[in-house]
Amino acid sequence: MRISSWQQAEHNAARWMRHWGYADAVARPGGPDAGIDIRARGALGQVKYQAAQAGRPELQRFVGARPKGSAAQLIFFTGSDYTTTALAYAQEWDIALFRYRLDGTMTPANDTARRVHRRTAAARVPGPAAAPPAAGRSGRAPAPDRGFWWRNRRVVAGVLLLMAPLGSIGDEETYTGPPALDVLKFVGILAACWLAGAYLLATRGGRRVRVSTGPLRVRLARDRTPSNRTGGPSAPPAPPPEELVAEAARLLAAGRGQGAADRMLRERGTGFLERGRILGEARKRNKVSGRR
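Numbered by numbering that gives the first Met the number 0, the letters in the sequence shown go through residues 0 to 291 in order.
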């Protein structure tokens with residue numbers, strides 16, 4: 000999860016807490032938190048979105064915000080670092096300290112955090128359902144994303160092959176005459192490069208070319224599920240977060256309109272497509288409640 004605001008930092012930390020076993024961890028940016036940003040049964044979280052080091056006073060305020068008599072695990076998140084006095088205070092009060100990066104990854108900063116992190120250390124980044132990435136039938140985990148150019152390597156190679164014959168024009172070592180032979184050479188180079196380039200462009204993004212005989216037919220089929228590449232079964236899309244659907248349904252039922260619900264979802268760092276899913280589910284839920 001890319002982090003570009005303090006709201007996204009809190010939602011990212013809540014996803015990690017669900018990944019570590021606190022399944023009901025919820026962040027409510029913008030609401031009254033009384034010094035606590037994330038609440039779960041058995042754990043409380045505090046998130047700092049700042050460049051300065053987190054010090055002992057901030058941890059003391061976090062401990063003071065814990066409800067009286069609560070034995071919940073305290074988990075503190077920062078995007079920077081911790082002072083020496085903060086590390087010593089965290090050891091005294093058994094506070095788990097974590098550092099997060101802007102790409103959403105999380106790193107333990109003390110022994111308590113490492114103990115929390117080891118519960119599900121097999122996965123580096125949790126998915127929307129806070130579960131580690133599943134391996135296919137081959138036993139291998141999905142390959143990591145290697146960037147834009149790697150994903151589009153077939154397109155780049157295909158375009159270069161389409162343009163390659165033009166670079167051979169005027170090459171005296173290739174075209175030595177007579178003119179008829181030079182024309183045949185150019186046509187051969189053009190056909191070979193264009194066929195190879197067209198194949199790369201046709202098979203980009205998981206497509207594959209199927210050739211069947213009698214009569215000869217060429218058909219393109221798109222591999223729509225990433226599980227087909229690893230041999231594993233395709234997973235259904237994760238349901239939208241229950242707390243966001245309930246909040247959106249409440250706003251729509253109160254007559255606040257879709258704009259208010261959409262604004263609430265944007266403030267909580269929800270993407271465009273996910274907002275559409277949540278609003279649709281909220282409208283469906285209100286319609287069912289109205290029938291009852």
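Each residue gets a CB set at the ideal place from its N, CA and C atoms; glycine is no exception.
Asked                                                                                         : Found
Selection from ALA70, ALA50, GLY44 that minimises the alpha carbon distance to PHE61          : GLY44
Burial state of THR173 (16 or more Cβ within 10 Å)                                            : exposed
Extent of the continuous beta strand (DSSP E) to which GLN52 belongs                          : Neither: GLN52 is in no beta strand (DSSP E) and is coded neither H nor E.
Close beta carbons around TYR48, own chain, < 7 Å, minus the five adjacent residues each side : TRP5, ALA8, GLY78
ILE2 (DSSP reduced to helix, strand or coil)                                                  : coil
Candidates GLY196, ARG255, HIS10, GLY258: closest to ASP102 by CA position                    : HIS10
Residue burial classification, MET162 (beta-carbon count within 10 angstroms, cutoff 16)      : exposed
Distance between TRP15 and ALA122 (C-alpha atoms, nearest Å)                                  : Below a pLDDT of 50, predicted positions are generally treated as unreliable, and ALA122, at 42, falls in that range; the measurement from the model is reported next regardless. One C-alpha to the other measures close to 11 Å.
Buried versus exposed, by CB contacts within 10 Å (16 or more), GLU91                         : exposed
Pairwise C-alpha distance: PRO107 and ARG113                                                  : 5 Å
Sub-8 Å separation of THR111 and ALA95 beta-carbons                                           : yes
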